[in-house]
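Below is one structure, written out as structure tokens, with a few remarks after it.
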Amino acid sequence: MYHNPFIYCPKCRSEMAPGLNNYNSCSSETCNFVQYENPTPVVAAVVEHGDKQVVLGHNALWPKGWFGLITGFVEMYEDPAGTVIREVKEEIGLDAEIVSFIGHYTFKRMNQLIIAYHVKATGEIVLTDEIDEVKVVPFDQVKYWPAGTGYALRDLLQSLGYDPQERPFK
Ligand SMILES: [Zn+2]
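Numbering of the sequence shown is given in our numbering, commencing with residue 19 and proceeding in unit increments.
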């Protein structure tokens, strides 16, 4: 389970300790800082490029052979629907339009709340520092992986009448 407690208070540098409701809390009586460890909102895009094909990306930081959805952090005050359009452009160079909101998913290992969309994208795929390899897989052949973004892919495909199969999470 995700747990990443501060040792020292990021506001006043006092020691942190379990406080009210067992949240990791600043020990200074004048500070009141509490570390709630709320999940981080992350958008994920099932990018349809061409007809009924999904673009899966390999993040440059991942081991070779891992592919996933296009994802990104929601910036301050940003609408997640705007995040997804921005990230698809930044990461693979495509112009995306939202088709539907798929759902939201919990990714416990990273303490993330995944907000998933189906988008249709046009243009030429451009690799970037972040996504250094892509594969484009037909909807009727792509396999999903048993984790947050994989379930989003599965749920979209099932809603479109496909019968996606699971592959091991990598
Ligand atoms: Zn403090």
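Ideal placement from N, C-alpha and C gives every residue a C-beta, glycine not left out.
- Here the distance from the Cβ of phenylalanine 51 to the nearest heavy atom of ligand 1 is below 7 Å.
- Of all C-beta pairs linking the stretch 139-156 to the stretch 70-80, three or more are shorter than 8 Å, placing the two stretches in contact.
- In the same chain as alanine 114, and ignoring 5 residues on each side of it, the C-beta atoms closer than 6 Å to its own belong to Ile103, Val106, Val137, Ala139, in chain order.
- Look at asparagine 39 here: in three-state DSSP terms it is helix.
- For valine 144, there is no enclosing alpha helix (DSSP H), as DSSP gives it neither H nor E.
- When distances are taken from the beta-carbon of serine 32 to the heavy atoms of ligand 1, the shortest one is below 7 Å.
- Inter-segment contact for the stretch 23-35 and the stretch 51-61 is present: three or more beta-carbon pairs are separated by less than 8 Å.
- Counting only the Cα atoms, alanine 165 lies some 10 Å from proline 186.
- Within the stretch 94-170, the complete beta strand (DSSP E) segments at least 3 residues long are 113-125, 130-140, 149-156, listed from N- to C-terminus.
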